[in-house]
Amino acid sequence: MAKLLAQRSGQDVQCFAQDPIYSPQCIEYLQSRGFEILDGVRGFIEVDSTSLVFTASPNFPVKQVITDLARPAVIV
313 MAKLLAQRSG
323 QDVQCFAQDP
333 IYSPQCIEYL
343 QSRGFEILDG
353 VRGFIEVDST
363 SLVFTASPNF
373 PVKQVITDLA
383 RPAVIV
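Just so we're aligned, residue 313 is where the sequence shown starts under the numbering used here, counting upward by one.
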């Protein structure tokens, strides 16, 4: 998805991932795919009006917190 967005926009697309229970193997894989792994609340701080936020089965109200802090372009 990031590659397609970069091609269509002509701009670099940064990819971030955050989960407190990532294993070392998950981190290594995501980094090999171009993701920057974020700790703590830094993931929330990076969200802005140009962000696409994907969250799957969180045990935390991610969508609610994000919409209180910023208005991302897309939340999935």
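C-beta: ideal position from N, C-alpha, C; glycine also.
Note that the structure is a prediction, hence the values are computed from the model and not measured.
No Cβ-Cβ contact shorter than 8 Å links Ala329 with Ser363. If you look at Ala382, you'll find it isn't in any beta strand (DSSP E); DSSP assigns it neither H nor E. In the structure shown, Ala318 falls within a helical segment according to DSSP collapsed to helix, strand and coil. Where Ile339 is concerned, the enclosing alpha helix (DSSP H) starts and stops at Pro336 to Ser344.
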